[in-house]
Amino acid sequence: MGKSGKVYLVGAGPGNPDLLTVKAKALIEGAQVVVYDRLIGREIIGLLPETACKINVGKEAGHHPVPQEEINRILVEEALKGHDVVRLKGGDSFVFGRGGEELEELIRAGIAFEVVPGITSAIAAAAYAGIPVTHRDYASSLHIITGHRKKDGKLDLDYGSLVRLKGTLIFLMSLAALDQLIEGLLEAGMSPDMDCALIENGTRPYQRKVLGTLANIESLAAAQTVVSPALFIVGRVCSLADQFDWFGRLPLKGRRILAVQHQKTGRRLAEALGRLGAEVRLLPVMQTRPLAFDLPDLTPYTTLVFTSANGVDAYFQQLLAAGQDCRLLAGKKLAAVGSQTAEALAKYGLRPDFVPSFFQGEALAREMIGENRLTPADRLLLLQAKEVSPGLGQALDEGGIPYDSLAVYETFYNHRDFPGDLAGYDWITFTAASCVEGLARCAAEAASTAAAEAADAPIAVATAATPALRPDFSGLPALCIGPTTAEKARQLGMKVTLPPQATIDSMIDTLLSIYAM
Ligand code: SAH
């Protein structure tokens, strides 16, 4: 039998991907097999490699969970197959996470393991709610307590001791037993005026908090229908929550944004908006795959043009696979559309000679011709997608610049993550014209899939060649990176906002200036 793999017991933090540890992120991004729980959100699952085997052992409230023995068995079985296993748990694995039970089982089976601590929701949710868990003036100790009831429905807590601690009490899994908890604390002599807080979905963009006192928190929570996951904090430190509410005051707090983009690449906009407080849903509408092509003879060309980071990767994958390296491009001028394309070239040790001021192929041609960087004595090779937009070629034709075009990758649409209703978003952001087209196709595909499912008919798989249907996008607020993208969005009837410059930073500044008022 081969060597068995190792199990990494990894705390994934409270749900916000920014709160993963560096080690957790590295393990997640390199994972072969991942076994994860319900508390691990979509954002973190999105960081896993496409190729990873993902085993969901979580449960939605009310459904049957995968029993702990079964989880233990899966961990052992996968490790014995020789796979390294990332066991992802919400918060920290040892804070009411049953991490210890899993380790005991691994030891019994002789399987090696490591533990990566995570930021527990107990302190992270508090911090994001503006509650310092200790403070010299209010509390000198902190206690994390389970509010999980026993089979008979009773909480097994020593309320007298809890009250005498005079510290900050943080109850996890406590929503269902809130009434019992409060009654217990009051009966043991805690003041009905004691400050307390309920924090729902702590650290996530849609975090909610309810502040009150022991006497009124239950009715306040009922009025706002607080749902799981939530935790309950009792202590004088809760009185600081308004004053310290940095998260609730972020400039884009409460804004819902759908960030339409190519697969994987270009998370920068979504991440930046998320850090400014917005609730961002990523919608990767397009995927790309490299095409098989013969490496072209570069002798006739003076200049190579890359129109996207995907094009750079597809070309260099082929070049490296052919046993060549970047010296093959020696002496050629390089032009790149967009900063991400330039960054992709940098990965291969290359610096473009020209990047246009607009993220647009046409701008590249016009600016290069305008600055006399291109003359009819040049010859260009455009390395681009199979589905090219005509602007670049037309502008070169008009300038009398000879060129050839090589398709190095192709694009296809995916509607897997389509959110359905687009009306609930304050903004839909587009970083490329193809993303607008992608959203239109996704919507059409999702609609026809739903119709096909309703009719129980076989589902047609759409490709880039499928004619696009046009669902109704009229009036939807679109933030577009540049003029070509904007034009496409206008054609669909969207209400377009265009930043002063065609950059991601300018898109971010545009939203900030709208909400700074
Ligand atoms: N190991 C986890 C806790 C698991 S018990 C940790 O260290 O955070 C599950 C309980 O954790 C939930 O019932 C809830 O009380 C709390 N919880 C987890 N994530 C939360 C979040 N984002 N916001 C509020 N409470 C959360």
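In terms of the numbering used here, the sequence shown is residues 14 to 530.
Quick reminder that beta carbons are idealized off the backbone N, C-alpha and C, glycines included.
All figures in this text were calculated on a predicted structure; none of them were measured in a lab.
Self-check item: Inter-stretch contact at 8 Å, needing at least 3 Cβ pairs: the segment 123 to 134 / the segment 201 to 210
Solution: no
Quiz item: Okay, do the segment 242 to 261 and the segment 213 to 231 touch, 3+ Cβ pairs below 8 Å being the bar?
Solution: yes
Self-check item: Inter-residue spacing [alpha-carbon to alpha-carbon] between Gly290 and Gly261
Solution: 8 Å
Exercise. Assuming Leu308 contacts Ala335 (C-beta within less than 8 Å), just tell me the rounded distance between them.
Key: 5 Å
Quiz item: Whose C-alpha, out of Thr216, Ala189, Lys360, is nearest the C-alpha of Val539?
Solution: The chain is shown only over 14 to 530; residue 539 falls outside these bounds and no answer can be derived.
Exercise. Give me the Cα-Cα distance between Val463 and Pro432, rounded to the nearest whole angstrom.
Key: Val is not the amino acid found at residue 463; the sequence shown has Ala there. Each residue's Cα considered, the two are about 13 Å apart.
Quiz prompt | Alpha-carbon to alpha-carbon, Val350 and Leu304 | solution = 20 Å
Quiz item: Got a sec? Which residues, its chain only, sit under 6 Å from Ile472 by beta carbon, not counting five neighbours each side?
Solution: Reliability fails at Ile472, whose pLDDT of 47 lies under 50, so the model's placement of it is uncertain and the value that follows must be treated cautiously. Taken in chain order, the residues that qualify are Thr462, Ala465.
Quiz item: Mind checking whether Thr181 and Ile132 have CB atoms under 8 Å apart?
Solution: no
Quiz item: Below 8 Å, can you find three or more Cβ-Cβ pairs linking the segment 46 to 65 to the segment 159 to 173?
Solution: no
Quiz item: ligand 1 heavy atoms versus the CB of Met186: any closer than 7 Å?
Solution: yes
Practice problem: Drop a sphere of 10 angstroms on the beta-carbon of Ile120, count the other beta-carbons inside from all chains shown, and report buried for 16 or more, exposed for fewer. | Solution: exposed
Quiz item: For the segment 201 to 228, which segments carrying the beta strand (DSSP E) assignment without a break, of at least 3 residues, lie completely within its bounds, in sequence order?
Solution: 208 to 213, 221 to 226
Quiz item: Tell me which same chain residues have a C-beta within less than 7 Å of the C-beta of Ser370, skipping the five on either side of it?
Solution: Ala376, Glu380
Practice problem: For the alpha helix (DSSP H) containing Phe88, list its first residue and its last residue. | Solution: The amino acid at residue 88 is misidentified as Phe; the sequence shows Leu. That run of the alpha helix (DSSP H) goes 81 to 93.
Exercise. Please report the residue range of the beta strand (DSSP E) in which Arg302 lies.
Key: 292 to 303
Quiz item: Should Gly28 be counted as a contact of ligand 1 given a C-beta to heavy atom distance under 7 Å?
Solution: yes
Quiz item: Thr498: which of Lys179, Gly488, Val509 sits nearest, CA to CA?
Solution: Val509
Quiz prompt | Limits of the alpha helix (DSSP H) - the one that Pro496 falls within | solution = 496 to 504
Self-check item: Helix, strand or coil at Phe329 [DSSP, three-state]
Solution: helix
Quiz prompt | DSSP bridge partner residues for Pro490 (one or two, in chain order) | solution = Lys508
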